[in-house]
Structure formats: C-alpha cells, structure tokens
Amino acid sequence: MVNPAAQRQTVLYDEHRALAARMVPFGGFSMPVQYESILKEHDAVRKRAGLFDLSHMAQYFFTGADAGAWLDGLTVNHVANMRHGQARYNVFTNERGGAHDDVIVYRFDDERWMVVVNAGNAEKMLAYLRERLPAGVEFVSKHGINANIALQGPLSQRLLAPFADVDLAGVKYYTSRECVVDGAPAILARTGYTGEDGFEIFVDGEHAPRIWRALLQAGRADGVIACGLGARDVLRLEAGMPLYGHELSEEITPVQAGLAWVVKFDKPAFVGREPLERQARADQYARIVGVKAADGPPLREGYLVKHEDLPLGEMRSGAPSPTLGGNIGTALVAKQAAAPGTRIAVEIRAREYPAEVVALPFYKRAK
Amino acid sequence: MAQPQGLLYSKEHEWAKIEGDVATIGITGYAQESLGDIVFVELPRIGARIDQGGNVGVVESVKAVSDLFTPLGGEVVEVNGAIEEDPGLVNREPFGAGWMFKVKVADAAAQRDHLLDPEAYDQLIQQAEH
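Residue numbers (the working numbering), protein chains in the order written: chain A, 1 to 367; chain B, 1 to 130.
Structure, rendered in structure tokens:
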C-alpha cells in the first residue's frame, strides 16, 4: 500500500479537493484520477475542452551553446537541428536501446531548451542528466516549482485566446511561444497527450491556481470541465500514444514500441544506437500492437495474449473506448501475431475472448 | 447520506431486499460512486448455488476490476440482463433498475444476522470516508 501522506502535492492540490476529485498516488504525487466521471471528462475533451493539471511532470531547463548537441547524444530523435520555438517528441535510451524516459523537448532560442519528463522518472532522470552534464551547460529543475496546465479539446484556442498576449493561430502544432498568460510570464505550447488540439501552459506555480480557476470559469458555459488522469489515459490510448511503463520501459525499446519514426539512425552516435539498429534490421523483435475486442470485459494490462493457441504476448494497456465503442488496448506480441487483422484471443479470468490486432492509432481527429 | 430503508447491507457494500424466500441483490450507492463509471458486469449463472459472502461475479469500472460478493447465499433464480446491456444503469439507479441478481434463500433468518441495518451501514461508510 502506498502511503498517501508520503505523496507530494502540486500547487493545484487545493483546487482538486475543492472540486471533490478522487486523488490517487501517481509518480510520487497525489493526483486527481477523476472528478465526477471519467467518461464525462473524456467526452468533454473530444467534443469541447478539458483542463488537466500536469504539474507532477518535471520541467528541466538547459542553457548553453552545446546543450542541443549534448542531448543529441542521449536521445534517439534530433535535438540540435530543432528550430527556435519548436517542440519534438523524443526518447532517452539506455545502453541496450531500452527507454529511460519519453519526453518532449522544447527549443526556445540558440541556447535555451526545456525537457518535460514523466513524473515517475523525474528523480532517475535528474540524477542521470546531472551526472552527464557537460561544462558550459546549465541545468535548472523547475519540478514542483512551475505548474503545467493543459487545456485540450476543440474549443481550446477560442477559450485561451482572451488570456494570452499572442495570436494563438500563429502557435502551430508542436511549437511553443514565450508570452504572458493572464498577466504571468509563461511558456505556451501547442502540445498534448489526448489526440485533440490543445495547449500546455508552463507557468510559475504561484500563478497556477488563478489561471486554473479563470479557464474553468471562462469555459463553464461551454461545458469545459477539469479532467483527471483516468480520462487522460483513455484519451492517449485512443490516440495511440505510448505511456512510459506500459508501451515503453527500460526493457521495451522505442523500436519495439512502434516509434521507428522517432529513432534517427542518421545521427552518428547516441546511447543505444547499435542495439537499436541491430534490432530494427533483424526485425524479429516482439512489438507493441493495437488490440480491439468488440465486446466482453475491458482489456487490461497483464492479460495473456494467444494466437492459434500459443501464448505470444501480453496486454500492456487497456480500456473501454468511448470514441470507438468496444474495448481497446495495446499488447506486446511476437512478430508472427503482429500484423493488423490477426485474430487473437485474450485470456481474462481463465476465459478466452476473441480480439483482433489493429493498426495504431485507434483514433485520429479530423483536421 | 441516509441509506434506503427496508434493505439489509453487507460490509462489502452490497444490499439485499428480502421478499418471502427470494432476495434481490445489488451494490450500494456508495459502492457505485467509489467504483466510478461502471462499464462491465459479470453476474452469476441462473441455477448456481452460492454461499453467503462468496465471490460470485465482477464489476468493472473504466479503471478497475472489483469482485462482486453476495450478501446472502442460496440458489440464483434471476439475473438482471438490463445491466449487462447497459452497465451505467448501476451508476444511475444502484438501488432500483441497477439491481444485480435474485437468490432463493432457504434460511434467511440465520443469514440476516450477518448483515447490517441501514443505520449501521451508514455509520460504516461514514467511518470509511474519514
């Protein structure tokens, strides 16, 4: 049993309590898993907008002319060639090609960068990066100091516009802008983890409760509500986005996770490059696939996956999908069971239920 | 919150309404609220013999799998197909249309000693919330 008293609180903790959120331990923090209903929160994000507290995730800032080149050596995607204002998904790898963490890297100008890491990996990554920090690169952690408020859903831009001093139409997908939000200096990024349009607001924690309340108030008439980690997990799963510890881990590589598009073998050197290249070339690895089951119980992590009566993998995530109907999930399966259309069986409480391997993502929003 | 009268309650948050030798079984308002959105139920088979306190099914919310225990033992005589079709009914009407199954009870008098009246159950959940 996790001791709730040992969990840290984000600066928005009192807001969550005031909204009667159900709090759970997550990544060392006490976080809202749901407010009133995961299904209602999911619906708000797909159709209107929802507000998330992501202040448990760590914001690490790096400054220095060589910061980009240094990060290039530790990650699979390109860093130094990013444009000013660009954001990019990336993975820090270990010597075997497994993932230390998956992150978003934000570049602001020639010398300044931010890396947003998962809460559960924050301490590990802090130590890892500090140990390797080169001379001339400054590292400042704003974990627990800065907040991150994410506004996600089709109404996001309209709702946020009156609070920001920049034209949001000019902040393109996967870019960020340093600006002022509701009077506070902030980094405004058009990034998210829901499969919808939306923004993340990185701001000093002292301003966060005010901005949180202002956005909820502004969106109330449109049905915009606070959303917890439960809705976020279903949203990201539908959008085919990996969750560290499920589709990616120290053992599950980005190649296995279906993130080959992120792994740039044209980079001359990075940690884990050789094992990843061997793995990709041999193409015999167990891999993450989408799984869909029309009816039956929800698919969940840990369930055994069989193909032609052979155990060939296990479920890594799962949930009922409000957008598609039925149950969806991801599984790590042997290559022979990985092609979309493959009929598989998922063992749930000693009974086998039919399911099908499908291409990811399950859901893609209309542009 | 006051609990509906005329029902008996278990510490595992099920209710039973005894009418003659048949009892209707469901989960309480507190239980459905704690679980969150219910998306799947697995009920016992009609004709199954079940023991008081036994694990007889499953209730799944978006996030979690919970065992369903029966507050009374006997023979299952009816199950609520409506909640298999629409599990959200358990959230909306836990004490009404969201009932789970009916059981024919041979020795209700002896079994009911193990259950709580509405006031005692209300005390139990007040304590659970603190």
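C-beta atoms are modelled at their ideal positions from N, C-alpha and C, and glycine is treated no differently. Since we're looking at a predicted model, the values are computed, not measured.
Inset, instruction - Determine the extent of the alpha helix (DSSP H) in which Ser34(B) is found, giving its start and end residues. - result: Here residue 34(B) corresponds to residue number 34 of the second sequence, with the count starting at 1. Boundaries of the alpha helix (DSSP H) around Ser34(B): 29–35.
Legend entry - Nearest-angstrom Cβ-Cβ length linking Gly192(A) and Ala150(A), presumed shorter than 8 angstroms: Translated into the one-based positions of the first sequence, residue 192(A) becomes position 192. Translated into the one-based positions of the first sequence, residue 150(A) becomes position 150. Yes, they are in contact, since the Cβ atoms of Gly192(A) and Ala150(A) sit about 6 angstroms apart, within 8 angstroms.
Inset, instruction - List the residues of chain B that Val33(A) touches, going by C-beta distances under 8 angstroms, in chain order. - result: What you label residue 33(A) is simply residue 33 of the first sequence in a count that begins at 1. From the beta-carbon of Val33(A), the residues of chain B found nearer than 8 angstroms are Lys63.
Inset, instruction - Decide if Ala120(B) is buried, meaning its Cβ has at least 16 other Cβ atoms within 10 Å, or exposed. - result: What you label residue 120(B) is simply residue 120 of the second sequence in a count that begins at 1. Ala120(B) sits exposed, since fewer than 16 C-beta atoms from the chains shown fall within 10 Å of its C-beta.
Inset, instruction - Please report how far the alpha carbon of Leu133(A) lies from the alpha carbon of Gly64(A), in whole angstroms. - result: Working through the first sequence from its first residue, we reach residue 133(A) at position 133. Working through the first sequence from its first residue, we reach residue 64(A) at position 64. Distance between the alpha carbons of Leu133(A) and Gly64(A): 11 angstroms.
Inset, instruction - Could you tell me if Val410(A) is buried or exposed, where buried requires 16 or more neighbouring beta carbons within 10 angstroms of its beta carbon? - result: Because chain A spans 1 through 367 in this model, residue 410(A) falls outside it and cannot be assessed.
Inset, instruction - Flag Phe40(B) as yes if its beta-carbon sits less than 8 angstroms from any beta-carbon of chain A, otherwise no. - result: If you number the second sequence from 1, residue 40(B) lands on position 40. Chain A, which has a Cβ nearer than 8 angstroms to the Cβ of Phe40(B), makes this yes.
Legend entry - Environment of Met107(B) [buried if 16+ CB atoms lie within 10 Å]: In the second sequence, counting from the first residue as 1, residue 107(B) sits at position 107. For the sequence presented, residue 107(B) should be read as Asp rather than Met. Result: exposed.
Inset, instruction - Quick one: using the 10 Å Cβ neighbour count with 16 as the cut-off for buried, is Asn91(B) buried or exposed? - result: Numbered from its first residue, the second sequence carries residue 91(B) at position 91. Under a 10 Å Cβ-count criterion, Asn91(B) is classified as buried, with 16 or more other Cβ atoms of the shown protein chains found around its own Cβ.
Inset, instruction - Tell me, please, whether the CB atom of Ile60(B) is closer than 8 angstroms to any CB atom in chain A? - result: Translated into positions along the second sequence, residue 60(B) becomes position 60. This sequence places Glu at residue 60(B); Ile is not what is there. Taking a beta-carbon distance threshold of 8 angstroms, Glu60(B) counts as an interface residue toward chain A.
Legend entry - For Asp122(B), the three-state DSSP class (helix, strand or coil): For the purposes of this step, residue 122(B) is taken as the residue at position 122 of the second sequence. DSSP places Asp122(B) in helix when its eight states are reduced to three.
Legend entry - Other residues of its chain near Met82(A): CB distance less than 8 angstroms, five sequence neighbours each side excluded: Looking up residue 82(A) in the first sequence gives position 82. So the list reads Gly68, Arg88, Val105, Arg107, once near-sequence residues are dropped.
Inset, instruction - Within the same chain, show all residues whose beta-carbon is closer than 7 angstroms to that of Met1(A), passing over the 5 residues directly before and after it, in chain order. - result: Stepping through the first sequence from its first residue, residue 1(A) is reached at position 1. Residue confidence is low: Met1(A) scores 47 on pLDDT, short of 50, so the model does not pin down where it sits. Its coordinate-derived value is still stated next. None.
Legend entry - Interface flag, Asp86(B) vs chain A, CB-CB below 8 angstroms: Against the second sequence, residue 86(B) aligns to sequence position 86. For Asp86(B), no Cβ of chain A is located within less than 8 angstroms of the residue's own Cβ.
Legend entry - Spatial distance of Glu206(A) from Pro4(B) (CA atoms): The sequence position of residue 206(A) within the first sequence is 206, counting from 1. The sequence position of residue 4(B) within the second sequence is 4, counting from 1. Taking the straight line from one Cα to the other gives about 45 angstroms.
Inset, instruction - Assuming Gly6(B) contacts Ile38(B) (C-beta within less than 8 angstroms), just tell me the rounded distance between them. - result: Taking the first residue of the second sequence as 1, we reach residue 6(B) at position 6. Taking the first residue of the second sequence as 1, we reach residue 38(B) at position 38. Not quite, the Cβ-Cβ distance comes to about 24 angstroms (not below 8 angstroms), so this is no contact.
Inset, instruction - Name, please, each residue of chain A whose Cβ falls closer than 9 angstroms to the Cβ of Asp67(B). - result: Looking up residue 67(B) in the second sequence gives position 67. Residues of chain A passing the Cβ test: none, with the nearest at roughly 10 angstroms.
Inset, instruction - Let me know if Leu168(A) comes out buried or exposed under the rule of 16 or more other beta-carbons within 10 Å of its beta-carbon. - result: Position 168 of the first sequence, counted from the first residue, corresponds to residue 168(A). Under this definition Leu168(A) is a buried residue.
Inset, instruction - Measuring only between beta-carbons, confirm whether Tyr13(A) sits less than 8 angstroms from chain B. - result: As a position in the first sequence, residue 13(A) is number 13, starting the count at 1. It does not: the Cβ of Tyr13(A) has no partner Cβ on chain B nearer than 8 angstroms.
Inset, instruction - Pair every Cβ in the segment 307–315 of chain A with every Cβ in the segment 268–284 of chain A, then say whether three or more of these pairs are closer than 8 angstroms. - result: The segment 307–315 of chain A is not in contact with the segment 268–284 of chain A.
Inset, instruction - Please classify Val203(A): is it buried, with 16 or more other beta-carbons within 10 angstroms of its beta-carbon, or exposed? - result: Position 203 of the first sequence, counting from 1, holds the residue named residue 203(A). Classification of Val203(A): buried, given that the 10 Å Cβ count is 16 or more.
Legend entry - chain B within 8 angstroms of Gly230(A), Cβ atoms only: Position 230 of the first sequence holds residue 230(A). Cβ-Cβ to chain B under 8 angstroms: yes for Gly230(A).
Inset, instruction - Spell out whether any CB of chain A is found under 8 angstroms from the CB atom of Asp37(B). - result: As a first step, residue 37(B) is located in the second sequence; it is residue number 37 there, counting from the start. Closer than 8 angstroms to the CB of Asp37(B) there is at least one CB belonging to chain A.
Inset, instruction - Kindly list the residues whose CB is nearer than 8 angstroms to the CB of Phe362(A), restricted to its own chain and excluding five residues on each side of it in sequence; keep chain order. - result: Position 362 of the first sequence, counting from 1, holds the residue named residue 362(A). Excluding its 5 nearest sequence neighbours in each direction, Phe362(A) has C-beta neighbours in its own chain below 8 angstroms: Leu237, Glu238, Ala239, Gly240, Gly290, Lys292, Ser321, Thr323, Leu324, Ile328, listed in chain order.
Legend entry - Spatial distance of Arg22(A) from Arg278(A) (CA atoms): Along the first sequence, read from residue 1 onward, the residue named residue 22(A) stands at position 22. Along the first sequence, read from residue 1 onward, the residue named residue 278(A) stands at position 278. Taking the straight line joining both Cα atoms gives about 45 angstroms.
Inset, instruction - Can you pull the chain B residues whose beta carbon is under 8 angstroms from the beta carbon of Arg300(A), in chain order? - result: Counted from its first residue, the first sequence places residue 300(A) at position 300. Listed along chain B, the residues sitting closer than 8 angstroms to Arg300(A) by beta-carbon distance are Val65.
Legend entry - Contact belief for Gly228(A) with Val91(A) at Cβ below 8 angstroms, rounded distance in angstroms: On the first sequence, position 228 is the one that residue 228(A) refers to. On the first sequence, position 91 is the one that residue 91(A) refers to. Distance from Gly228(A) to Val91(A) at the Cβ level is roughly 26 angstroms; contact not present, criterion being Cβ atoms closer than 8 angstroms.
Inset, instruction - Measure the C-alpha to C-alpha separation of Gln9(A) and Ser30(A) and round it to an integer number of angstroms. - result: Here residue 9(A) corresponds to residue number 9 of the first sequence, with the count starting at 1. Here residue 30(A) corresponds to residue number 30 of the first sequence, with the count starting at 1. Take the alpha-carbon of Gln9(A) and the one of Ser30(A): they are about 6 angstroms apart.
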